[in-house]
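Visitor: If you scroll down you'll find the structure; I have some questions about it.
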Amino acid sequence: MAMKFDSYLQLFFLGCFYFSWFLSSPAEAAVRKYQFDITVKNVSRLCHAKPIVTVNGRFPGPTVYAREGDRVLVNVTNYAQYNISIHWHGLKQFRNGWADGPAYITQCPIKTGHSYTYDFNVTGQRGTLWWHAHILWLRATVYGAIVIMPKEGRMFPFPQPHGETKIILGEWWNSDVETLVNQANKLGLPPPTSDSHTINGKPGPLFPCSSKHTFSMEVEAGKTYLLRIINAALNDELFFAIAGHNMTVVEIDAVYTKPFTTRVILIAPGQTTNVLIKADQPRSRYFMAARPFMDAPVPVDNKTVTAILHYKGIPNTVLPSMPKLPAPNNTNVALRYNNRLRSLNTPQFPAKVPLKVDRHLFYTVGLGANPCSSCQNGTQLTASLNNITFVMPKVGLLQAHYFHIKGVFKTDFPDRPPVPFNYTGVPLTANLGTSLGTRLSKVAFNSTIELVLQDTNLLTVESHPFHLHGFNFFVVGSGVGNFDPSKDPAKFNLVDPPERNTVGVPTGGWTAIRFRADNPGVWFMHCHLELHTMWGLKMAFVVENGKLPEESVIPPPKDLPPC
């Protein structure tokens, strides 16, 4: 009954929202206002109750609805014991890094008892994105969807669905996550893997005490539905499938794609995928299911999370059928799926791929180990880009850049690794030390960048989903093994490559991206596996101002949290 009430509530709010759009003038951008109260609430899953940090007492948090062109104001008031900041993942925040949200990158966090209003415009974007806490591991429970509708009078470039549903994939730990992380850091080791994954905050009936914690989606036979799928998990790429049903992929990371049909999708932490499903199977109940993809010798939470696709009129006593998910280490399915992704590239939605490159960057991605006298093995596991483990500052980098505060960061991040080696050869277990520093890469305004991210076999190869703040980029190529600058660029797709904000670097392989640095400010780039981000697998670009005022970072808001 609670699930039905939630559905009715969602329909009511959506209805009111669409009605308010209908009444507003198409020429006038609306202002959407939200209040986010960061509060602690007791929540029970898997027979375990614990206090968690939430927005407005909801887990997952509320959906931010907007239309392309709108201005959005989200006032965040922090009533929790932790400092907080919220990142609007995938929103470009043109000239407005103050609203981007990563703690100590574009702002200092919101302290307990204080507020900050994120004030941003939704320009040139429509589709599914998401928001999440961007400090500590608080995004384990502090996250929610962003749904951006097309401009007034514009239709989707695919068949209009009868209805839509959000599918937010997450993780659940029975114990307090921050406590687990702090204990692990003292030992120099990773914290334990999660106890389950969740769909819309619920693990599904395959877990103990969870039949009441199961998300269910009701469909009518013959109708088409849009699923807005978000991977909000902290550390796991996930396969997702629906028993008996095909999915047609129509959008990734809020960019329309050439539609293609598939039985399974792969979605990395930070990514979003919109799919159409048609309720064209015998009227019954079907499991939607997800479990990790991991093709490296790294421990993951490999249990299967489920939700139910429920045909109208079918009793709850009917047992759902289970989809056939790929084996967790099925690299071929993962590579085949990613190779099918293409930008729509129509006159209305062109793929503006930079054909001329002003600057070529080559970053190695690796794990490492640094000495630590208090740690269990005398070493602290760490991670690096070009052998640099990023050290978080005590002052927001954007403030330091804007106000010319000396001594906070250097702009000497190298364009390539200090020493070339056989990046994906036999595992390297010696000389694993990294250099530490708050080192950024300075980029000229409006220059075009090609960045090759190369996985390495330092300790082990592993897939890494990288997220770039402030930009979308084009994934022009990827491959297994070492990138070959003399041969591989000839195979790049410069016509209709997928456009994303988060991309997976394949295990023991490389990915090449291109973007135009037309957004001045300081923009974070990091692995979206929370474990690796914590270990230092991150850096930032300083994009210089252009020559005109409208090509420069706007002044900071008056309520920007102090450091």
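Under mature numbering (1 follows the signal peptide of the UniProt record, and there is no 0), read the sequence shown as residues -29 to -1, 1 to 534, first letter to last. Ideal Cβ placement from N, Cα and C applies to all residues, glycine included. Bear in mind that the values here come from a model prediction, so they are computed numbers and not experimental data.
1. Give me the Cα-Cα distance between D459 and N428, rounded to the nearest whole angstrom.
2. Quick check on the burial criterion: 16 or more other C-beta atoms within 10 angstroms. Buried or exposed for H375?
3. Looking at C-beta atoms only, is the number of pairs between the region 277 to 285 and the region 248 to 267 that lie closer than 8 Å three or more?
4. Which residue from T335, H503, K377 puts its Cα closest to that of G479?
5. Helix, strand or coil: how does DSSP classify K157 here?
6. Tell me P342's beta-bridge partners as DSSP assigns them.
7. What's the gap between the Cα of N516 and the Cα of Q131?
8. Would you mind giving the Cβ-Cβ distance between S345 and T228, rounded to the nearest angstrom? I have them listed as a contact below 8 Å.
9. Mind the definition here: the region 47 to 57 touches the region 137 to 147 only if three or more C-beta pairs lie below 8 Å; say whether that holds.
10. Look at the Cβ atom of P174, then the Cβ atom of S167, and state whether they are nearer than 7 Å.
11. For E191, count neighbouring Cβ atoms within 10 angstroms of its own Cβ and tell me buried if that reaches 16, exposed if not.
12. The beta strand (DSSP E) spanning Y75 covers which residue range?
13. In the DSSP assignment, find the unbroken alpha helix (DSSP H) run with V304 in it and report its ends.
14. Could you compute how far the alpha carbon of D207 sits from the alpha carbon of K518?
15. Considering only residues of the same chain and omitting the five flanking positions on each side of D266, which have a CB-CB separation below 6 Å?
16. Would you call R97 buried or exposed, if buried means 16 or more other Cβ atoms sit within 10 Å of its Cβ?
17. Following the continuous beta strand (DSSP E) through L100, name the residue where it begins and the one where it ends.
18. What's the gap between the Cα of F(-8) and the Cα of T405?
19. When the Cα of G193 is compared with those of Q252, K21, R410, which residue comes out closest?
20. Rounded to a whole number of angstroms, what is the C-alpha to C-alpha distance between S355 and K283?
21. Cα separation between M496 and L290?
22. Who are M363's beta bridge partners in DSSP?
23. Please name the residue in K323, M188, T185, Y87 whose C-alpha comes closest to that of S56.
24. Quick check on the DSSP output: the alpha helix (DSSP H) that includes E501 runs from which residue to which?
25. What ranges does the beta strand (DSSP E) occupy inside the region 19 to 78, keeping only unbroken runs of at least 3 residues that lie completely in it?
26. Between T360, R485, K183, which has its C-alpha nearest C18's C-alpha?
27. Is residue 535 helix, strand or coil when you go by DSSP?
28. Spell out the partners DSSP gives E123 in its beta bridges.
29. Give me the Cα-Cα distance between N490 and P179, rounded to the nearest whole angstrom.
30. So, at 6 Å on beta carbons, what are the nonlocal neighbours of P73 in its own chain, with the 5 sequence-adjacent residues on each side left out?
31. With V493 and V476 assumed to form a contact (beta carbons below 8 Å), what rounded beta-carbon distance in angstroms separates them?
32. Distance, Cα to Cα, L44 vs F7?
33. What separation, rounded to the nearest whole angstrom, lies between the Cα atoms of G61 and V397?
34. Kindly examine the ligand MN and report whether one of its heavy atoms sits closer than 6 Å to the Cβ of T232.
35. To which residues of the same chain is K82 closer than 6 Å at the C-beta, ignoring the five residues directly before and after it?
36. So, using beta-carbon positions, are I213 and T244 closer together than 7 Å?
Guide: Answer, in terms of the structure:
1. 20 Å
2. exposed
3. yes
4. T335
5. helix
6. T350
7. 41 Å
8. Between T228 and S345 the Cβ distance is about 49 Å, and since that is not below 8 Å, they are no contact.
9. no
10. yes
11. exposed
12. Counting along the chain, Y75 falls outside any beta strand (DSSP E), and DSSP gives it neither H nor E.
13. 302 to 310
14. 42 Å
15. N300, T302, T478
16. buried
17. 98 to 104
18. No answer about F(-8) holds up, because its pLDDT of 36 lies below 50 and its placement is not dependable.
19. Q252
20. 51 Å
21. 44 Å
22. None, per the DSSP bridge assignment.
23. Y87
24. 501 to 505
25. 19 to 26, 35 to 38, 42 to 49, 57 to 60
26. K183
27. Because the chain is modelled from -29 through 534, residue 535 falls outside the range shown and cannot be assessed.
28. E123 is not bridged to any residue.
29. 48 Å
30. H58, H105, F495
31. Not quite, the Cβ-Cβ distance comes to about 23 Å (not below 8 Å), so this is no contact.
32. 10 Å
33. 36 Å
34. With respect to the ligand MN, the structure shown offers nothing to examine, as it has no ligands at all.
35. N54
36. no
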